[in-house]
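Adding 768 to a residue's 1-based position in the sequence shown gives its number in the numbering used here.
Backbone N, C-alpha and C define an ideal beta-carbon position, used for all residues, glycine too.
All remarks here apply to the structure that follows.
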Amino acid sequence: MLEHRKPENSSDYIAILITKFLRFFADTFFSKRYGHRAVVLETVAAVPGMVAGMWIHLKCLRKMEHDRGWIKILLDEAENERMHLMTFIEIAKPNWFERALILIAQAVFWHFYFIIYIFFPRTAHRIVGYFEEEAVLSYTSYLEQVENNPDLNVDAPQIAIDYWKLKSDAKLIDVIKVVREDEKGHALVNHNLADTLDEDSSKSHIKQIELKKEEPKFESKSEKQDTSRYQQFHLDDLIFFNRVVMAPLTRNRATTKGVPTPMMAAYYEQRASAGLIIAEATQISQQGQGYYCTPGIYSEAQTEGWKKVVDAVHARGGKISLQLWHVGRISHNEFQPNQGQPVAPSAIKANSQVFISSGLTDVSEPRSLMGYEIPLIVEEYRQAAVNAKKAGFDMVEIHGANGYLIDQFLRDSTNVRADDYGGSIKNRTRFLLEIVDAISTIYPPNRIGCRIGPSSEFNDIRDSDPQTLFNFIAEQLGQKGLGYIHVIEGQTGGDRNNSVFDYNTIYQNFKMHGGIASMANNGYDKHLSEKTTVDLVAFGVPFIANPDLVYRLEHDLPLTDADKDTFYGGAEKGYTDYPFYSKD
Ligand SMILES: Cc1cc2nc3c(=O)[nH]c(=O)nc-3n(C[C@H](O)[C@H](O)[C@H](O)COP(=O)(O)O)c2cc1C
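Next comes the structure, spelled out in structure tokens:
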């Protein structure tokens, strides 16, 4: 990092101006006395973490579930900055007058920052982001100075050795290097938080797209059906053309690095007349991947790739949601970081197969997640939502079905944990609800959907009392005010009547407790979809072969059959080459 991140708007300019003032102050008074500069920088840097930590803590007392990940990050950061300050006080050995100045500076900056943080949290995080970058620059110069003058390279203070677990004969150079790395991390965290808050206040962006929307023109001569399935649907402020949804469909056409391709943009654009497209399952992390060439939403390139898809759909006035996915035990060592084991609530292997680079193969032996790893995955969901928002998705859908990680936590055949995430229904549901809370800090709850498959045994999963479990889940999701509950009725892609299950109670529980819309899927055809009273019906396979499915259903036109051989992987064939309806 040799220069500051580019400011993008007026508040960024204010933040960088304040930073430049700090640099002027340091240059004027401390010139090349980098040890003292470090003390000054660490003095101001220690404050934001403390203030943010305190503010979030106050917020947290009011609503404990929210901001979980942030509290930990910011409090750790505050402690880390405190250690920087103590370390450089030991190194620079300021005299009593300088120490008094440090205290005064801290007090002044504390109040200044606290006020900014309360009223302009985004600017506050941006300021800290820039301050941290300033620290990185300063430490780089400090490092050069010490490298050129070995006399300056004193022994590392004991507190630094203990805190960073350095070698017992560590030197100042080693300390500067670790501190500089810390500051890089802090800069990133604070810029990311600022970006998140940016996104939260950018509803106008979404509004603009809605204003540009044009209804697609249907010109069929056949009679319009007497049904509301093809009329607009208002999911609060989000307007769908109709109540027909494209179900999420994995097509394995991303790059090996999980980057969506232009071909995918063309595919989704063709299907933009759906009321809502739920884009295919998309891994939130490398660990969350289980199949070859599925897309991700954790890297910048993936986010950029998705943005092109979203833009293409929006240009046609469509709405698009992204299905956030972590496969858990349904994976193979090939995809895991360092070819490690896939993770699961409990180390129980599925009788299931996945596509890897060499073809279809059994899943690998999973390991059970350590308690401390669970909040990290929740945080990855939050970050994935940040990226989805950056890419412009109107909504996100939490994939809680089909035997993947969330489903593995929910059901008692796959979750035999003895901690807070296993055992009772409440405990097994905890992971899902924490993810909902984490994502709710990025998307408002009415822009979040959740997919469940209460009676589906897809991927070797079952529960001893699914009705009670999923009634409870529907109620909880309703209480969170989610946009929709998306229910796979029966065995995914198979028998709709595989078990006796009361789906209506699920929909009612969800809506009675504050959820907005019900969405049904699995084996629906025109007749069934027009008969049901659920708000939205999702179609999977029919959308593969009929890009204009809504038009065909509405006007009672024949459907093209899908070619199963081209479902997973390949190129345009069986993907973007299915025809739109024509009379000839
Ligand atoms: C090729 C293919 C890919 C699928 N990918 C996903 C997916 O990514 N996420 C998901 O939740 N379900 C996935 N499903 C399940 C579908 O969303 C849907 O539940 C299933 O096809 C039943 O609906 P349908 O009868 O309308 O096709 C997939 C199904 C198929 C056939």
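Local Cβ density within 10 Å of residue i, reported as buried at 16 or more and exposed below that
i: I1142; result: buried
i: G1251; result: buried
i: S1053; result: buried
i: F1307; result: buried
i: W857; result: In the sequence as displayed, the identity of residue 857 is Ile instead of Trp. Burial call: buried.
i: N1314; result: buried
i: V1013; result: buried
i: W1093; result: buried
i: S1286; result: buried
i: R867; result: exposed
i: F797; result: exposed
i: D1333; result: exposed
i: Y1366; result: Absent from the structure is residue 1366, since the part of the chain shown begins at 769 and ends at 1352.
i: P1310; result: buried
i: D1316; result: buried
i: P1347; result: exposed
i: F865; result: exposed
i: P1105; result: exposed
i: Y898; result: buried
i: S969; result: Its pLDDT being 46, under 50, S969 is placed unreliably in this model, and the value from its coordinates should be taken loosely. Exposed, since its Cβ has fewer than 16 Cβ neighbours within 10 Å.
i: A938; result: buried
i: Q1176; result: buried
i: L785; result: exposed
i: E771; result: exposed
i: G1127; result: exposed
i: G926; result: Position check: residue 926 holds Gln in this sequence, whereas Gly was assumed. So Q926 counts as exposed.
i: V1268; result: exposed
i: Q1107; result: exposed
Nearest-angstrom beta carbon gap, residue j and residue i [assumed within contact, 8 Å]
i: A1159; j: V1078; result: 5 Å
i: L1173; j: G1096; result: 3 Å
i: V1318; j: S1041; result: 5 Å
i: A955; j: E901; result: 5 Å
i: E1322; j: N1277; result: Not really, about 31 Å apart at Cβ, beyond 8 Å.
i: T1050; j: P1063; result: 5 Å
i: G1058; j: V1122; result: 5 Å
i: L1237; j: L1178; result: 7 Å
i: I1284; j: L1003; result: 6 Å
Where residue i falls: helix, strand or coil (DSSP)
i: H1281; result: coil
i: M1138; result: coil
i: S1267; result: coil
i: K945; result: helix
i: E983; result: Because E983 carries a pLDDT of 36, less than 50, the predicted location of this residue cannot be relied on, and no value is offered for it.
i: Q1104; result: coil
i: I1210; result: coil
i: Q1051; result: strand
i: I1058; result: According to the sequence shown, residue 1058 is Gly rather than Ile. Note: G1058 maps to coil in three-state DSSP.
i: L871; result: helix
i: K989; result: Residue placement at K989 cannot be trusted, given a pLDDT of 34 that sits under 50; what the coordinates show is reported in the next sentence. Three-state result, K989: coil.
i: K861; result: coil
i: N718; result: Any question about residue 718 goes unanswered here, given that the chain covers just 769 to 1352.
i: R805; result: helix
i: I1253; result: strand
i: A1169; result: coil
i: A1022; result: coil
i: I1088; result: strand
i: A1015; result: coil
i: L1006; result: strand
Check whether residue i and residue j have beta carbons under 8 Å apart
i: D1228; j: G1171; result: yes
i: K1087; j: L1044; result: yes
i: A1169; j: I1241; result: no
i: S1297; j: N1266; result: no
i: A1206; j: Y1140; result: no
i: I1116; j: H1100; result: no
i: P1113; j: S1136; result: yes
i: A924; j: V947; result: no
i: I1216; j: I1256; result: no
i: Y1060; j: G1282; result: no
i: D1293; j: F1001; result: no
i: Q1038; j: T1344; result: yes
i: I1046; j: N1155; result: no
i: L934; j: A928; result: yes
i: R813; j: A903; result: The question names Arg, but residue 813 is Ala in the sequence shown. Yes, the pair counts as a contact, with Cβ atoms nearer than the cut-off.
i: I870; j: V815; result: no
i: M851; j: Y931; result: yes
i: F1226; j: T1260; result: yes
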